[in-house]
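Written below as structure tokens is the structure these notes are about.
Protein chains: 2
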Amino acid sequence: MPIEFELSEAFLRSRRSNKWHLHPSGVIPAFVADMDFAVAEPVQAAIARLVAGKEYGYPRREGDSTVNAAYVRYMRRRFGIETEAALAQPINDLVQGTFAAILAFSEPGDGVILHVPNYPPFREAITTTERRLLPLPMHDTGTRHVFDADEMRRLVDARTRIILLCNPQNPTGRVFSREELQSIAQLALERDLIVVSDEIHCDLVYPGRAHIPFISLGADVAARTITLNSATKSYNIPGLRCALMHFGSAELLARFQRRILPRLLSQPGVAGVDATIAAWDEGQPWLDAVLPHLDKARHHVIDVLAAEIPEIRCHLPEATYLAWLDCRALALQVPSAFEFFLDKAKIGFSAGETFEPTATQFVRMNFATSRTILDEILARVIKAVRSR
Amino acid sequence: MPIEFELSEAFLRSRRSNKWHLHPSGVIPAFVADMDFAVAEPVQAAIARLVAGKEYGYPRREGDSTVNAAYVRYMRRRFGIETEAALAQPINDLVQGTFAAILAFSEPGDGVILHVPNYPPFREAITTTERRLLPLPMHDTGTRHVFDADEMRRLVDARTRIILLCNPQNPTGRVFSREELQSIAQLALERDLIVVSDEIHCDLVYPGRAHIPFISLGADVAARTITLNSATKSYNIPGLRCALMHFGSAELLARFQRRILPRLLSQPGVAGVDATIAAWDEGQPWLDAVLPHLDKARHHVIDVLAAEIPEIRCHLPEATYLAWLDCRALALQVPSAFEFFLDKAKIGFSAGETFEPTATQFVRMNFATSRTILDEILARVIKAVRSR
């Protein structure tokens, strides 16, 4: 019996989503980070209230009713951290915030450190702005992916300005430890670097690990940290668009706004704002119901692959509903493992090479779906691999 | 008997709008360009469809289902002009597009011509980006406001780069004639200027006048024209946020995107996009019902003021639901006519000085409300003026 928030394939295909319509209808999608679940009731109620009142004019959300204030409450409740509403700037989406931060705190030719593999738009934010991507490899230890702090230090040159951190890390699912984060903070302090910390997956951390917000490492660290967050990933509302940049000090915010005028970034629409406020204020019970389901799904994926296709190397993700599948040992003899699974299994993964050009034999799998659909994905993958 | 789309004051106050909650509850607002009317049924249906399907994931709107395609259909239907979907870029709001265009096509210190008085964010887009505002006065002929083409020519210096055109003009309500527009186009061609043409009020033109899209003046003119438009003003959906920049040539678009990366501007949320598509495709019957109501309201305002307070000088607007009231002859002996009406009449107009610093004795009045509320506004203004 599927749990209540699971949606059927027929219903999923009836909606005008990118996930279910990018590929032909024979393909099951397992790529873009959308969950195949209904949204949380408080989120739906917030949007329904707008629709009932036809409240589409210039909105007024003041004081406690702003998304900034909801973020402050959320950070306090979830992480026991005090933030300031006045130091946050609502934006449309996290990628916009990444581009804005890179443009504000570096010049063309400057270096930006990024763990690789990484979320494709973060790579794009560095390269299309003509900054230099300084790649910090995530090494596979046999049980998880880690970076080497010495390797990180050696990357820094005179024109390195930013560390673009994605924590929890996408696509490896790592939740960085305090020690790992402190090595980054120490380097940032020593070499006067700005840290842009994407923490969008921080609600999706599994038992045994805990998310540490980067700004919690100290006031001197916070003063050089821009945190990017959004409820869109945890609550399945990316189409509504609403995210937030939080600046660790008033000086940092002022420095940012001198370079990137707020009017150039605009502001999120009222549907995104109200949905986000509802998610952060009232969404936790829904998330508490979803996480055990995702936890079971991640174990299921790992267990089935280990039993059926041990050549596919995959570590249990510590966070996110994404698994990073190393298919090199399959020796698929194709330019891209993504193409193999799309052609032979009719499964639409995310292509590894979009996360790291050399990762052509990797795919990223989204397992946030019903057990029925997940089992079909796994069955098709197994069959395709065995028939190759 | 109020017509169906009119909303009661009690209902208007129950919604979380800026218009009805900026001022204390004793004040009747007549400022921000929101209409006190229910939205068009097709717009409501488009949003209700999203809510029914809980379609808040990454959306897919392709081909004819994009807002760009809807804009092409709209321009063809309304103005008989062929535009290209590929030359349009959806954005969040028109002000964002104005800032982006100014940043892309000029440098700090460069000159931007702007009719004055004008919409405050347009002034801001020039001054906060450290460009020079070259003010082109709208002169009161006794029946309407016009600019002097010779005066415009004399404004242009070696570092003038842009004419920021607002047509129909806010706040004077002018719909520029072909001759007026051609004088601007001629100057742009001669002096190699970019024209940023805000046409957001183009649906709200009254009988006897016709809107002429700037790009219709010729291919050479279009090649240097960025048109800004949005359904938010005509259809009362600014809170959802969706607007569009249209570039008159592929070269102009490419030149823009080299300076302002699309990812920095983000994309509008799905609620704004779907509402806009519905408005442009199916909203005309609603607009056809609203316009006669607004037409009656504009005449009513002008007639009542002429009869009761002839000292207030106001010309019948040719477009928009905004009236520009020259209160200088009242000799109010206050620093700002806006403050006088807010204090003495409990009416919240837009302050003239925000449209032009010297216009302290002007206010802009929004008359897009029910006759009941409009009559209360007029009665309060008359009483306050007579009691001064």
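Chains as they are written, first to last, in the numbering used here: chain A, 2 to 389; chain B, 2 to 389.
For every residue, glycine included, the Cβ atom is placed at its ideal position computed from N, Cα and C.
Contact the region 301 to 314 of chain A vs the region 182 to 189 of chain A: 3+ CB pairs below 8 Å:
no
Nearest chain B C-beta to Gln45 (chain A) closer than 8 Å, yes or no?
Walking along the first sequence from the start, residue 45 (chain A) turns up at place 44. Cβ-Cβ to chain B under 8 Å: yes for Gln45 (chain A).
Is Ile201 (chain B) close to chain A? Criterion is C-beta to C-beta, closer than 8 Å.
Position 200 of the second sequence, counted from the start, is the residue given in the question as residue 201 (chain B). Not one chain A Cβ lies under 8 Å of Ile201 (chain B).
Under a three-way DSSP split, which group does Val271 (chain B) fall into?
Counting from 1 along the second sequence, the entry for residue 271 (chain B) is found at position 270. Correct three-state label for Val271 (chain B): helix.
With DSSP as the reference, label Thr130 (chain B) as helix, strand or coil.
Residue 130 (chain B) sits at position 129 when you count from the first residue of the second sequence. Reduced to three states, the DSSP call for Thr130 (chain B) is coil.
Is Asp151 (chain A) buried or exposed, if buried means 16 or more other CB atoms sit within 10 Å of its CB?
On the first sequence, position 150 is the one that residue 151 (chain A) refers to. Asp151 (chain A) is exposed by the Cβ-count criterion.
Members of the region 236 to 261 of chain A that neighbour chain B once the beta carbon cut-off is set at 7 Å
Asn237, Ile238, Pro239, Gly240, Leu241 and Arg242
Roughly how many angstroms lie between the CA atoms of Ser18 (chain A) and Gly58 (chain B), to the nearest whole one?
Counting from one through the first sequence, the residue named residue 18 (chain A) turns up at place 17. Counting from one through the second sequence, the residue named residue 58 (chain B) turns up at place 57. Answer to the nearest angstrom: the Cα atoms are 6 Å apart.
Proximal chain A residues relative to Tyr59 (chain B), where beta-carbon distance stays under 7 Å:
For the purposes of this step, residue 59 (chain B) is identified with residue 58 of the second sequence, where counting begins at 1. Ser18, Asn19, Lys20, Val33, Asp35, Pro239 and Gly240, listed in chain order.
Sub-8 Å separation of Val96 (chain A) and Pro122 (chain A) beta-carbons:
Counting from 1 along the first sequence, the entry for residue 96 (chain A) is found at position 95. Counting from 1 along the first sequence, the entry for residue 122 (chain A) is found at position 121. Yes. Within cutoff.
Given a cut-off of 8 Å on the beta-carbon distance, is the pair Pro91 (chain A) and Val68 (chain A) in contact?
Position 90 of the first sequence, counted from the start, is the residue given in the question as residue 91 (chain A). Position 67 of the first sequence, counted from the start, is the residue given in the question as residue 68 (chain A). Contact: yes.
Out of curiosity, what's the CA-to-CA distance linking Glu377 (chain A) and Glu10 (chain A)?
Translated into positions along the first sequence, residue 377 (chain A) becomes position 376. Translated into positions along the first sequence, residue 10 (chain A) becomes position 9. Spanning the two alpha carbons is a distance of roughly 11 Å.
CB contact check: Leu288 (chain B) to chain D, cutoff 8 Å
The chain inventory of the structure shown lacks chain D, comprising the protein chains A and B.
Return no unless some Cβ of chain B is closer than 8 Å to the Cβ of Phe6 (chain A).
In the first sequence, residue 6 (chain A) corresponds to position 5, counting from 1. Not one chain B Cβ lies under 8 Å of Phe6 (chain A).
Limits of the unbroken beta strand (DSSP E) element including Phe363 (chain B)
Here the question's residue 363 (chain B) lines up with position 362 in the second sequence. Segment Phe363 to Asn367, the beta strand (DSSP E) holding Phe363 (chain B).
What residue range does the alpha helix (DSSP H) around Val222 (chain A) cover?
Within the first sequence, numbered from 1, the residue matching residue 222 (chain A) stands at position 221. Looking at the DSSP string, the run of the alpha helix (DSSP H) that includes Val222 (chain A) is Ala220 to Ala223.
Leaving out five residues before and five after Ile383 (chain A) in sequence, what residues of the same chain have Cβ atoms less than 7 Å from its Cβ?
Position 382 of the first sequence, counted from the start, is the residue given in the question as residue 383 (chain A). Correct list, in chain order: Glu309 and Ile310.
Name the chain B residues that come within less than 9 Å of Glu56 (chain A), Cβ to Cβ?
Residue mapping note: residue 56 (chain A) aligns to position 55 of the first sequence, counting from 1. The answer, in chain order, is Arg16, Arg17, Ser18 and Gly240.
For Ile114 (chain B), collect the residues of the same chain with a Cβ closer than 6 Å to its Cβ; drop the 5 residues on either side in sequence, then sort them by chain order.
By 1-based counting over the second sequence, the position of residue 114 (chain B) is 113. Correct list, in chain order: Leu135, Leu137, Leu156 and Ile164.
Alpha carbon to alpha carbon, what distance is there between Ile213 (chain A) and Phe177 (chain A)?
If you number the first sequence from 1, residue 177 (chain A) lands on position 176. If you number the first sequence from 1, residue 213 (chain A) lands on position 212. In a straight line, the C-alpha of Phe177 (chain A) is about 8 Å away from that of Ile213 (chain A).
Thinking C-alpha only, which one of A:Thr370, A:Ala385 and A:Ser388 is nearest Phe12 (chain A)?
Within the first sequence, numbered from 1, the residue matching residue 12 (chain A) stands at position 11. Closest option to Phe12 (chain A), Cα to Cα, is A:Thr370.
Using C-beta distances below 8 Å, list every residue in its chain close to Phe32 (chain A), excluding the 5 sequence neighbours before and after it, in chain order.
Reading the first sequence from its first residue, position 31 is the one you call residue 32 (chain A). The answer, listed in chain order, is Lys20, Leu23, Gly349, Phe350, Ser351, Arg365 and Asn367.
In terms of DSSP beta bridges, what is Met246 (chain A) paired with?
If you number the first sequence from 1, residue 246 (chain A) lands on position 245. Answer by DSSP bridge pairing, in chain order: A:Gln90 and A:Leu229.
Check Leu317 (chain B) in the structure and name its three-state DSSP category.
Here residue 317 (chain B) refers to the residue found at position 316 of the second sequence. In the structure shown, Leu317 (chain B) sits in coil (DSSP, three-state: anything other than H, G, I, E or B).
Identify the contact partners of Ser267 (chain A) in chain B, using a Cβ-Cβ distance below 8 Å as the criterion.
The residue you call residue 267 (chain A) lines up with position 266 of the first sequence. Those within 8 Å of Ser267 (chain A) in chain B are Ile92, Asn93, Asp94, Val96, Gln97, Arg242, Leu266 and Ser267.
Alpha carbon to alpha carbon, how far is Val206 (chain A) from Met2 (chain B)? Give it in angstroms, no decimals.
The residue given as residue 2 (chain B) occupies position 1 in the second sequence. The residue given as residue 206 (chain A) occupies position 205 in the first sequence. Because Met2 (chain B) carries a pLDDT of 38, less than 50, the predicted location of this residue cannot be relied on, and no value is offered for it.
Rounded distance between the beta-carbons of Val52 (chain A) and Ile1 (chain B), thought under 8 Å:
Residue 1 (chain B) lies beyond the stretch modelled for chain B, which goes from 2 to 389, so this question has no answer here.
Please name the residue in A:Glu283, A:Ala332, A:Glu357 and A:Asp221 whose C-alpha comes closest to that of Ile313 (chain A).
Stepping through the first sequence from its first residue, residue 313 (chain A) is reached at position 312. It is A:Ala332.
For the beta strand (DSSP E) that contains Ala105 (chain A), what are its first and last residues?
Here residue 105 (chain A) corresponds to residue number 104 of the first sequence, with the count starting at 1. Not the beta strand (DSSP E): Ala105 (chain A) falls in the alpha helix (DSSP H), residues Leu95 to Phe106.
Reference Phe356 (chain B); option with closest CA among B:Trp325, B:Ala346, B:Glu340 and B:Leu379:
For the purposes of this step, residue 356 (chain B) is taken as the residue at position 355 of the second sequence. Taking only the C-alpha atoms, the option nearest Phe356 (chain B) is B:Trp325.
Exposure of Gln268 (chain B), with buried meaning 16 or more beta-carbon neighbours within 10 Å
Against the second sequence, residue 268 (chain B) aligns to sequence position 267. Answer is buried; the Cβ neighbour count reaches 16.
In three-state DSSP terms, what is His212 (chain B)?
Residue mapping note: residue 212 (chain B) aligns to position 211 of the second sequence, counting from 1. Correct three-state label for His212 (chain B): coil.
So with Cβ pairs under 8 Å, would you call Ala380 (chain A) a contact of chain B?
Stepping through the first sequence from its first residue, residue 380 (chain A) is reached at position 379. No, Ala380 (chain A) lies away from the interface with chain B (no Cβ there is under 8 Å from its Cβ).
When the distance is taken between beta carbons, is Asn230 (chain A) closer than 8 Å to Glu252 (chain A)?
The residue you call residue 252 (chain A) lines up with position 251 of the first sequence. The residue you call residue 230 (chain A) lines up with position 229 of the first sequence. It is not a contact, given that the beta carbons lie outside the stated cut-off.
Along the alpha helix (DSSP H) that carries Leu205 (chain B), what are the first and last residues, could you check?
The residue labelled residue 205 (chain B) in the question sits at position 204 within the second sequence. Premise fails: Leu205 (chain B) is in no alpha helix (DSSP H) and is neither H nor E.
Quick check on Arg365 (chain B) - is its C-beta less than 8 Å from some C-beta in chain A?
By 1-based counting over the second sequence, the position of residue 365 (chain B) is 364. By this cut-off, Arg365 (chain B) is not an interface position.
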